[in-house]
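In my numbering, the protein residues as written are 346 to 484. Data first, discussion second: the structure below is written as structure tokens.
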């Protein structure tokens, strides 16, 4: 069963193993690192229905639907923790009916032009913003 630590620090513990031959106690220390700001692990833009391994870049075609995906680690280390809350801002070029707190956001491309967007990941240690630009072109 998982154990939660409300604060960072170095802790002492021990484990006792017992079998038919007796028992042994093994003391050890461990360090709990503080949760840091979220860290961007992967950002991708895909045309809806495409293979996630085929990144299309930042030039999108007006009138099509795209999936924006951002995956953040809970902090600077690869330690488990709650997923950070996400806030998407796709700028004026895209419209969406998707929830803005999901790791993948589906959006419909609008009028041609160059636009700015961002996704902000927030946890109890702070926020990290990933900004991106994209260009909408006519088909």
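Even for Gly, the Cβ is constructed at its ideal location relative to N, Cα and C. What you are looking at is a predicted structure, and each value in this text was computed from that prediction instead of being measured.
Chain-order list of residues whose beta-carbon lies under 6 Å from that of residue i (same chain, five-residue window excluded)
i, result
"residue 418", "384, 386"
"residue 369", "362"
"residue 463", "434, 474, 476"
"residue 436", "460, 461, 462"
"residue 423", "Reliability fails at residue 423, whose pLDDT of 49 lies under 50, so the model's placement of it is uncertain and no value is given."
"residue 471", "382"
Anticipated Cβ contact below 8 Å, residue i with residue j, distance rounded
i, j, result
"residue 469", "residue 380", "6 Å"
"residue 450", "residue 441", "6 Å"
Pair within 7 Å by beta-carbon distance, residue i and residue j
i, j, result
"residue 439", "residue 454", "yes"
"residue 427", "residue 466", "no"
"residue 360", "residue 350", "no"
Cβ neighbours of residue i in the same chain (closer than 8 Å, five flanking residues each side left out)
i, result
"residue 407", "454, 455, 456, 457, 481, 482, 483, 484"
"residue 375", "355, 356, 358"
"residue 403", "390, 477, 478, 479, 480"
One or two residues paired with residue i in a DSSP bridge
i, result
"residue 406", "482"
"residue 392", "411"
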